[in-house]
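*Asks:* Numbering (the working numbering), first residue to last: 2 to 301. To start, I am sharing the structure in question, which I have written as structure tokens.
What follows is the structure, given as structure tokens:
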């Protein structure tokens with residue numbers, strides 16, 4: 002009896018680990034054997050077949066297979082990309098709900114977003130979000146809410162963006178006062194090196210286009226009000242800064258729009274709808290030229 006149970010447990014686990022290690026650790030530069038990706042594609046089905054009675058190992062193999070497919074994302078055609086999203090959502094909906102599955106979703110979604118496939122990233126997050134949102138684990142439920150925020154942000158293009166909160170000086174922020182302007186909504190923090198690096202570009206465009214109808218609203222994720230105030234004063238930043246007092250740096254707007262990294266710069270057009278989700282560097286200047294005309298030319 003014990004021997005039978007031992008064989009049912011150990012043999013599949015051994016095969017699973019051997020096959021997964023074979024797929025992950027092979028170095029194609031050492032010989033002429035198939036590449037890691039080829040090995041993974043060939044061995045993953047064997048892993049799945051041999052682990053039907055071991056959900057944890059089976060899920061490990063499925064995650065590995067999904068990540069291997071994701072490595073080919075840039076070379077995949079639209080149908081293959083769509084299929085990967087569908088398979089990832091189906092996997093999460095039927096797998097155990099834990100932080101490992103959430104990390105898989107985040108890794109896949111952020112890879113898609115960085116590749117410019119924001120619609121597919123939103124589709125993935127939208128399909129997987131409710132799985133975590135309804136978890137009994139409060140931390141996972143919170144992560145599920147974060148995915149909903151990311152979907153809200155990724156689908157903002159062409160839609161109105163709502164901004165509310167308190168300015169650094171303690172007064173209520175009035176979003177309606179910006180109606181008819183082109184506005185850059187900039188999620189940032191003083192402790193963020195890329196945010197600091199982008200500041201000269203923001204200042205230059207503000208100086209060049211402010212009189213033509215351009216403005217900036219900074220959403221600070223700082224935790225130290227005094228340091229923020231000193232930075233604003235030293236850098237002579239003229240635009241409105243929204244600040245939420247929280248020791249952990251939680252910012253309601255950042256949570257609502259699922260901000261996962263800063264700087265995040267969202268450009269809103271004169272009609273109040275979002276033009277682009279990535280208005281950084283030269284792209285900001287290019288967008289402003291299109292919306293307001295080149296500096297020195299008549300305002301559009």
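We put the beta carbon where it would ideally sit given N, CA and C, even for glycine. The structure presented is a predicted model; accordingly, all values stated were derived computationally and were not measured.
If the criterion is Cβ atoms closer than 8 Å, does the pair residue 97 and residue 60 meet it?
*Replies:* Counting from one through the chain shown, the residue named residue 97 turns up at place 96. Counting from one through the chain shown, the residue named residue 60 turns up at place 59. Yes, Cβ-Cβ distance for residue 97 and residue 60 is below 8 Å.
*Asks:* When the distance is taken between beta carbons, is residue 293 closer than 8 Å to residue 210?
*Replies:* As a first step, residue 210 is located in the chain shown; it is residue number 209 there, counting from the start. As a first step, residue 293 is located in the chain shown; it is residue number 292 there, counting from the start. Yes, Cβ-Cβ distance for residue 210 and residue 293 is below 8 Å.
*Asks:* DSSP has residue 240 in a bridge; who is on the other side?
*Replies:* Position 239 of the chain shown, counting from 1, holds the residue named residue 240. DSSP, once it has assigned bridges, lists no residue as partnering residue 240.
*Asks:* Could you say which of 67, 184, 150, 110 lies nearest to residue 259 if we only look at CA atoms?
*Replies:* Taking the first residue of the chain shown as 1, we reach residue 259 at position 258. Among 67, 184, 150, 110, the Cα nearest to that of residue 259 is on 150.
*Asks:* Along the chain, which unbroken stretches of the alpha helix (DSSP H) at least 4 residues long are found entirely within the stretch 213–273?
*Replies:* Listed in chain order, they are 226–236, 253–257.
*Asks:* In whole angstroms, give me the CA-to-CA distance for residue 75 and residue 116.
*Replies:* Against the chain shown, residue 75 aligns to sequence position 74. Against the chain shown, residue 116 aligns to sequence position 115. Residue 75 and residue 116: Cα-Cα distance of roughly 8 Å.
*Asks:* Rounding to the nearest angstrom, what Cα-Cα distance links residue 219 and residue 58 in this structure?
*Replies:* Reading the chain shown from its first residue, position 218 is the one you call residue 219. Reading the chain shown from its first residue, position 57 is the one you call residue 58. The straight-line gap from Cα to Cα measures roughly 46 Å.
*Asks:* Helix, strand or coil, according to DSSP, for residue 316 in the structure here?
*Replies:* Coverage of the chain is limited to positions 2 through 301, which leaves residue 316 absent and any answer about it impossible.
*Asks:* Nearest by alpha-carbon distance to residue 124: which of 135, 99, 91, 95 is it?
*Replies:* Translated into the one-based positions of the chain shown, residue 124 becomes position 123. Out of 135, 99, 91, 95, 91 has the C-alpha closest to the C-alpha of residue 124.
*Asks:* In chain order, what residues of the same chain lie with their CB nearer than 7 Å to the CB of residue 88, ignoring the 5 residues before and after it?
*Replies:* As a working mapping, residue 88 is identified with position 87 in the chain shown. Around residue 88: 67.
*Asks:* Which class does residue 176 belong to by DSSP, given the choice of helix, strand or coil?
*Replies:* Indexing the chain shown from 1 puts residue 176 at position 175. If DSSP states are grouped into helix, strand and coil, residue 176 belongs with the helices.
*Asks:* Tell me the DSSP secondary structure of residue 74 in three-state form.
*Replies:* Residue numbering aside, residue 74 sits at position 73 when the chain shown is read from its first letter. Of the three classes helix, strand and coil, the one that applies to residue 74 here is helix, per DSSP.
*Asks:* Assess contact between the stretch 159–167 and the stretch 281–290, defined as three or more Cβ pairs (one per stretch) separated by less than 8 Å. Is contact present?
*Replies:* No, they do not touch.
*Asks:* What's the gap between the Cα of residue 24 and the Cα of residue 267?
*Replies:* By 1-based counting over the chain shown, the position of residue 24 is 23. By 1-based counting over the chain shown, the position of residue 267 is 266. With a pLDDT of 43 at residue 24, under the threshold of 50, the predicted position of this residue should be treated as unreliable, though the coordinate-derived value follows. Cα-Cα distance, rounded: 41 Å.
*Asks:* Using a 10 Å radius around the Cβ and a threshold of 16 neighbouring Cβ atoms, would you call residue 227 buried or exposed?
*Replies:* Translated into positions along the chain shown, residue 227 becomes position 226. The residue is exposed, with fewer than 16 neighbouring Cβ atoms inside 10 Å.
*Asks:* Roughly how many angstroms separate the alpha carbons of residue 234 and residue 69, rounded to a whole number?
*Replies:* Position 233 of the chain shown, counted from the first residue, corresponds to residue 234. Position 68 of the chain shown, counted from the first residue, corresponds to residue 69. Taking the straight line from one Cα to the other gives about 49 Å.
*Asks:* Kindly provide the ranges of any alpha helix (DSSP H) runs that are 4 or more residues long and lie completely inside the stretch 115–179, ordered along the chain.
*Replies:* List check, alpha helix (DSSP H) in window: 119–134, 139–155.
*Asks:* Do you know how far the Cα of residue 261 is from the Cα of residue 82?
*Replies:* Start at 1 with the first residue of the chain shown, and residue 82 comes out as number 81. Start at 1 with the first residue of the chain shown, and residue 261 comes out as number 260. Taking the straight line from one Cα to the other gives about 22 Å.
*Asks:* With 16 as the cutoff for other CB atoms within 10 Å, does residue 241 come out buried or exposed?
*Replies:* Numbered from 1 along the chain shown, position 240 holds the residue referred to as residue 241. By the 10 Å Cβ count, residue 241 comes out buried.
*Asks:* Using the Cα positions of residue 295 and residue 155, report the straight-line distance between them to the nearest angstrom.
*Replies:* Position 294 of the chain shown, counting from 1, holds the residue named residue 295. Position 154 of the chain shown, counting from 1, holds the residue named residue 155. One C-alpha to the other measures close to 29 Å.
*Asks:* What does the Cβ neighbour count give for residue 170, buried or exposed, with the cut at 16 atoms within 10 Å?
*Replies:* The residue you call residue 170 lines up with position 169 of the chain shown. Burial call: exposed.
*Asks:* By the three-class DSSP mapping on this structure, what secondary structure does residue 98 have?
*Replies:* Position 97 of the chain shown, counted from the first residue, corresponds to residue 98. Residue 98: coil per DSSP, three-state reduction.
*Asks:* Reducing DSSP to helix, strand and coil, say where residue 185 ends up.
*Replies:* Working through the chain shown from its first residue, we reach residue 185 at position 184. Correct three-state label for residue 185: strand.
*Asks:* Could you say which of 77, 65, 265 lies nearest to residue 108 if we only look at CA atoms?
*Replies:* Here residue 108 is taken as the residue at index 107 of the chain shown, counted from 1. Ranking 77, 65, 265 by Cα distance to residue 108 puts 65 first.
*Asks:* Would you check if the distance between the CB atom of residue 103 and the CB atom of residue 133 is smaller than 8 Å?
*Replies:* Start at 1 with the first residue of the chain shown, and residue 103 comes out as number 102. Start at 1 with the first residue of the chain shown, and residue 133 comes out as number 132. Contact flag set, yes.
*Asks:* Please state whether the Cβ-Cβ distance between residue 203 and residue 223 is less than 8 Å.
*Replies:* Here residue 203 refers to the residue found at position 202 when the chain shown is read from its first residue. Here residue 223 refers to the residue found at position 222 when the chain shown is read from its first residue. Result no, Cβ atoms of residue 203 and residue 223 do not sit closer than 8 Å.
*Asks:* Could you check if residue 206 is buried or exposed, using at least 16 other CB atoms within 10 Å of its CB as the buried criterion?
*Replies:* Position 205 of the chain shown, counting from 1, holds the residue named residue 206. Its Cβ being crowded by 16 or more others within 10 Å, residue 206 is buried.
*Asks:* What span of residues does the alpha helix (DSSP H) with residue 191 cover, start to end?
*Replies:* Reading the chain shown from its first residue, position 190 is the one you call residue 191. Neither: residue 191 is in no alpha helix (DSSP H) and is coded neither H nor E.
*Asks:* Considering only the alpha carbon of each residue, which of 289, 278, 288 lies closest to residue 119?
*Replies:* For the purposes of this step, residue 119 is taken as residue 118 along the chain shown, with counting starting at 1. Measuring from the Cα of residue 119, the nearest candidate turns out to be 278.
*Asks:* My assumption, with CB atoms under 8 Å, is that residue 263 sits in contact with residue 190. Please give the rounded CB distance.
*Replies:* For the purposes of this step, residue 263 is taken as residue 262 along the chain shown, with counting starting at 1. For the purposes of this step, residue 190 is taken as residue 189 along the chain shown, with counting starting at 1. Right, the Cβ-Cβ distance comes to about 6 Å (below 8 Å), so this counts as a contact.
*Asks:* Please identify the residue among 160, 139, 85, 161 whose C-alpha is closest to the C-alpha of residue 128.
*Replies:* Reading the chain shown from its first residue, position 127 is the one you call residue 128. Of 160, 139, 85, 161, the residue nearest in Cα terms is 85.
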